[in-house]
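Heads up, the sequence shown is in our numbering, so the first residue is 312 and it goes up one at a time.
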Amino acid sequence: MISIEKLKVEFGVTPLFEDVSYVINKKDRIALVGKNGAGKSTMLKILAGLQLPTDGTVSVQRGITIGYLPQVMVLSDTRTVMAEAEMAFDHIFELQDRLAKMNQELADRTDYDSESYHELIDRFTHENERFLMMGGTNYKAEIERTLVGLGFNRSDFDRPTSEFSGGWRMRIELAKLLLRRPDVLLLDEPTNHLDIESIQWLENFLKVSPGAVVLVSHDRAFINNVTNRTIEISCGRIYDYKVPYDEFVVLRKERREQQLRAYENQQKEIKDTEDFIERFRYKATKAVQVQSRIKQLEKIVPIEIDEEDNSTLRLKFPPAMRSGNYPVICENVKKAYGDHVVFHDVTLTINRGEKVAFVGKNGEGKSTLVKCIMDQIPYEGKLVIGHNVEIGYFAQNQAQLLDENLTVFDTIDRVAKGDIRLKIRDILGAFMFGGEASDKKVKVLSGGERSRLAMIKLLLEPVNFLILDEPTNHLDMRSKDVLKEAIKEFDGTVIVVSHDREFLDGLVSKVYEFGGGLVKEHLGGIYDFLQKKKMESLNELQLSQSPTTSSSSKKEEPASVSDSKLSYEAQKELNKKIRKLEKQIADCESRIEKLELQISEVEAKMATPEGASDMKLYEQHQQLKKQVAEIEDEWESASMELEEIQS
Numbered sequence: 312m313i314s315i316e317k318l319k320v321e322f323g324v325t326p327l328f329e330d331v332s333y334v335i336n337k338k339d340r341i342a343l344v345g346k347n348g349a350g351k352s353t354m355l356k357i358l359a360g361l362q363l364p365t366d367g368t369v370s371v372q373r374g375i376t377i378g379y380l381p382q383v384m385v386l387s388d389t390r391t392v393m394a395e396a397e398m399a400f401d402h403i404f405e406l407q408d409r410l411a412k413m414n415q416e417l418a419d420r421t422d423y424d425s426e427s428y429h430e431l432i433d434r435f436t437h438e439n440e441r442f443l444m445m446g447g448t449n450y451k452a453e454i455e456r457t458l459v460g461l462g463f464n465r466s467d468f469d470r471p472t473s474e475f476s477g478g479w480r481m482r483i484e485l486a487k488l489l490l491r492r493p494d495v496l497l498l499d500e501p502t503n504h505l506d507i508e509s510i511q512w513l514e515n516f517l518k519v520s521p522g523a524v525v526l527v528s529h530d531r532a533f534i535n536n537v538t539n540r541t542i543e544i545s546c547g548r549i550y551d552y553k554v555p556y557d558e559f560v561v562l563r564k565e566r567r568e569q570q571l572r573a574y575e576n577q578q579k580e581i582k583d584t585e586d587f588i589e590r591f592r593y594k595a596t597k598a599v600q601v602q603s604r605i606k607q608l609e610k611i612v613p614i615e616i617d618e619e620d621n622s623t624l625r626l627k628f629p630p631a632m633r634s635g636n637y638p639v640i641c642e643n644v645k646k647a648y649g650d651h652v653v654f655h656d657v658t659l660t661i662n663r664g665e666k667v668a669f670v671g672k673n674g675e676g677k678s679t680l681v682k683c684i685m686d687q688i689p690y691e692g693k694l695v696i697g698h699n700v701e702i703g704y705f706a707q708n709q710a711q712l713l714d715e716n717l718t719v720f721d722t723i724d725r726v727a728k729g730d731i732r733l734k735i736r737d738i739l740g741a742f743m744f745g746g747e748a749s750d751k752k753v754k755v756l757s758g759g760e761r762s763r764l765a766m767i768k769l770l771l772e773p774v775n776f777l778i779l780d781e782p783t784n785h786l787d788m789r790s791k792d793v794l795k796e797a798i799k800e801f802d803g804t805v806i807v808v809s810h811d812r813e814f815l816d817g818l819v820s821k822v823y824e825f826g827g828g829l830v831k832e833h834l835g836g837i838y839d840f841l842q843k844k845k846m847e848s849l850n851e852l853q854l855s856q857s858p859t860t861s862s863s864s865k866k867e868e869p870a871s872v873s874d875s876k877l878s879y880e881a882q883k884e885l886n887k888k889i890r891k892l893e894k895q896i897a898d899c900e901s902r903i904e905k906l907e908l909q910i911s912e913v914e915a916k917m918a919t920p921e922g923a924s925d926m927k928l929y930e931q932h933q934q935l936k937k938q939v940a941e942i943e944d945e946w947e948s949a950s951m952e953l954e955e956i957q958s
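What follows is the structure, encoded as structure tokens:
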């Protein structure tokens with residue numbers, strides 16, 4: 312589908328990569344990996360046709376469409392969510408307008424016997440059939456299915472996009488891209504603004520997508536579940552593995568061990584040759600051999616060992632004073648913006664040394680509660696910060712708050728205090744900002760490099776309570792692993808707001824779930840929580856929770872046996888109905904998929920010279936479309952009923 316030949320990109324003197332060649336085939340699910348700054352985003356821009364390489368060619372097969380989702384984009388504020396999503400079907404609306412004009416022309420003209428009138432009828436018939444084949448009558452159902460999958464409620468469809476945060480507006484752009492159904496999807500960090508449920512929906516969507524996918528992501532679980540091929544950019548070259556990411560890690564380790572052995576052998580060969588030259592340089596009888604060894608030495612091409620593994624990224628949080636036993640105590644905390652209640656009756660206690668996760672859909676109040684703890688916004692209820700608590704806060708937009716006109720060194724130099732200022736170069740080197748990289752301006756850094764720089768600023772302050780709001784966005788996998796190990800060793804208290812399952816796994820011992828205005832405590836790790844959610848739906852979690860309390864730490868009066876039994880029976884009946892609706896929805900989707908496959912086969916026949924004049928095919932096509940529309944109505948009705956129950 313796309314062929315890349317001898318690609319080269321230069322920024323300044325040193326090439327970012329060169330002599331890069333590979334092919335993207337249909338059904339390829341490619342994970343594009345490499346350290347931050349290796350050129351992953353640049354590669355996607357070149358594939359999307361948005362940036363020209365210094366040398367080499369990118370050949371796209373005729374008729375192939377490409378969809379590209381960048382990390383950062385400029386979004387419109389002038390339309391509603393539905394109107395913005397409908398822009399994915401601009402081609403259908405254009406065709407609809409042409410059909411309306413042709414229809415009007417047919418109604419206005421009276422030269423019924425003229426050749427041009429009959430040509431107009433033929434053109435109208437052909438375009439109308441095209442309109443039906445493109446899904447012109449059922450695009451709204453497809454839009455709704457995609458927006459709901461990405462976490463929107465139907466009540467959001469008529470809201471202006473300006474009311475949504477950057478993360479939600481990014482989802483709208485992702486929805487538009489998926490709705491266009493391009494042959495090749497180029498996705499640069501698509502999970503950065505998605506919650507766990509939406510990530511799982513996107514995983515399933517990409518797995519069944521008929522086209523190719525090229526993906527840059529630092530969410531290890533996500534790329535393992537989606538991709539079947541891994542291309543690594545390292546040392547200015549690419550290494551192509553026809554395996555998922557986890558298998559690539561094993562093979563890459565073997566490759567580096569081979570590189571290391573070859574490098575050591577080469578270094579020994581160079582030393583032996585240099586020793587021979589030095590020993591016999593002035594002996595006339597050995598002049599020929601010496602000249603031969605000199606030429607041999609000049610011809611040696613130095614073996615490079617993967618640059619990423621040469622960097623030692625070690626994080627160590629500085630020691631801090633011991634805090635009180637309870638760094639955070641919340642009692643009946645509520646936050647509302649006008650009539651909109653973000654959460655209410657939040658009652659929780661975080662003990663000293665605990666590492667906890669805040670999870671839930673975007674917009675449910677995770678970052679809002681963090682801001683309440685930081686005393687950045689007003690709230691109702693009681694929220695107490697413990698004795699001697701020193702908070703270190705890493706916000707989602709921390710990397711964007713850096714001064715773009717400063718260099719990397721100056722950024723850290725301005726916040727460093729005392730003896731630590733003598734170690735700035737060492738600290739920067741540990742974060743892969745060694746040598747000339749420390750003199751780079753912040754404005755030329757990639758998203759991942761900025762995040763690392765912002766993390767260094769946080770590390771320079773001795774704190775005993777860390778609050779990290781999406782700390783892994785834009786960090787490469789190696790950096791995430793090292794950050795995770797540092798947090799594990801940190802002897803203070805930690806709140807992590809994150810959707811990254813792999814990062815949270817083994818790190819946190821308690822999960823606070825935000826949803827429906829409540830905050831529910833779950834003991835155990837992130838995968839214990841996810842497993843529990845599959846056994847118990849979110850509805851059960853919300854139903855079992857009293858409207859006046861949201862934590863097991865708050866005492867409740869024991870319910871009577873009859874009340875408990877009645878509550879259990881009611882929940883059991885409700886869960887039975889939910890499962891029935893979920894089965895009905897899944898069945899509808901399966902039937903639609905089969906019918907759409909039949910429609911594709913009929914359309915392929917209609918595209919042949921013989922099929923173009925076969926009216927039976929057109930009748931069959933219309934009948935299949937009608938069946939799809941009926942099943943989609945059934946799907947929509949069941950989905951709405953399920954949504955009403957859940958809300």
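For glycine and all other residues, C-beta sits at the position ideal for the given N, C-alpha and C.
Item	Value
Does I806 come out as helix, strand or coil in the three-state DSSP assignment?	strand
Report all residues from its chain with a CB closer than 8 Å to the CB of T679; omit the five preceding and five following residues, and keep chain order.	K646, V653, F654, I688
Following the continuous alpha helix (DSSP H) through D583, name the residue where it begins and the one where it ends.	556–591
Beta strand (DSSP E) containing Y648: first to last residue?	639–648
Which residues in the same chain have their Cβ closer than 8 Å to the Cβ of D469, if we skip the five residues on either side of it in sequence?	T391, V392, M393
Look up L818 in the DSSP assignment and give the residues it is bridged to.	According to DSSP, which records beta bridges pairwise, L818 is partnered with nothing at all.
Return the chain-ordered list of same chain residues with a C-beta closer than 8 Å to the C-beta of K937, the five sequence neighbours on each side being excluded.	none
Find out if the Cβ-Cβ distance for the pair K338, A523 is shorter than 8 Å.	yes
Report the rounded CA-to-CA distance for G817 versus N775, giving the unit in angstroms.	20 Å
Rounded to a whole number of angstroms, what is the C-alpha to C-alpha distance between L756 and S370?	29 Å
Just list the alpha helix (DSSP H) runs in the stretch 463–490, keeping only unbroken ones of 4 residues or longer that don't cross its boundaries, in chain order.	477–490
Determine the burial state of T623: buried for a count of at least 16 other Cβ atoms within 10 Å of its Cβ, exposed for fewer.	Unreliable positioning characterises T623 in this predicted model, as indicated by a pLDDT of 45, which lies under 50. The coordinate reading is nonetheless provided below. By the 10 Å Cβ count, T623 comes out exposed.
Work out the CA separation of V719 and F744 for me, nearest whole Å.	8 Å
Measuring straight from C-alpha to C-alpha, what distance separates E321 and L841?	45 Å
Per the DSSP calculation, V320 is bridged to which residue(s)?	F328
For V612, name the three-state secondary structure that DSSP assigns.	coil
Count the other CB atoms within 10 Å of the CB of Q382; is the residue buried (16 or more) or exposed (fewer)?	buried
From the DSSP secondary-structure annotation, give me the bridge partner or partners of K1008.	Since the first residue shown for the chain is 312 and the last is 958, residue 1008 is missing from the structure and cannot be characterised.
Suppose the cutoff is 7 Å on Cβ atoms and the five residues either side in sequence are ignored; what does the same chain contact list for T365 look like?	K319, V320, E321
When you compare each of I588, E609, L443, T596 to L406 by their alpha carbons, which one comes out closest?	L443
How many whole angstroms separate the CB atoms of R540 and K553, which I take to be in contact at a CB cut-off of 8 Å?	5 Å
When the distance is taken between beta carbons, is I483 closer than 8 Å to E395?	yes
Assuming the contact rule is C-beta atoms closer than 8 Å, V807 and A668 should be a hit. Round their C-beta distance to whole Å, please.	5 Å
Take the Cβ of N621 as the centre, count every other Cβ of all protein chains shown within 10 Å, and call the residue buried at 16 or more, exposed below.	Residue confidence is low: N621 scores 38 on pLDDT, short of 50, so the model does not pin down where it sits. No coordinate-derived value is stated.
In or out: F404 buried (at least 16 other Cβ within 10 Å) or exposed?	exposed
Would DSSP call A349 helix, strand or coil?	coil
How about S520 and L496: are their beta carbons less than 8 Å apart?	yes
Alpha carbon to alpha carbon, how far is G460 from E947?	13 Å
Hey, how far is the Cα of K821 from the Cα of E954?	29 Å
Let me see if you follow: with CB-CB separation under 8 Å, is K916 close to chain D or not?	The chain labelled as chain D is not found in the depicted structure, where only one protein chain is given.
Mind checking which residues open and close the alpha helix (DSSP H) that includes D366?	Segment 366–371 is the beta strand (DSSP E) holding D366; no alpha helix (DSSP H) there.
Where does G671 fall in DSSP's three states?	strand
Expressed to the nearest angstrom, what Euclidean distance is found between the alpha-carbon atoms of F328 and K752?	21 Å
Can A342 and L562 be called in contact, C-beta distance under 8 Å?	no
Bridge partners for D551 per DSSP, in chain order?	I542
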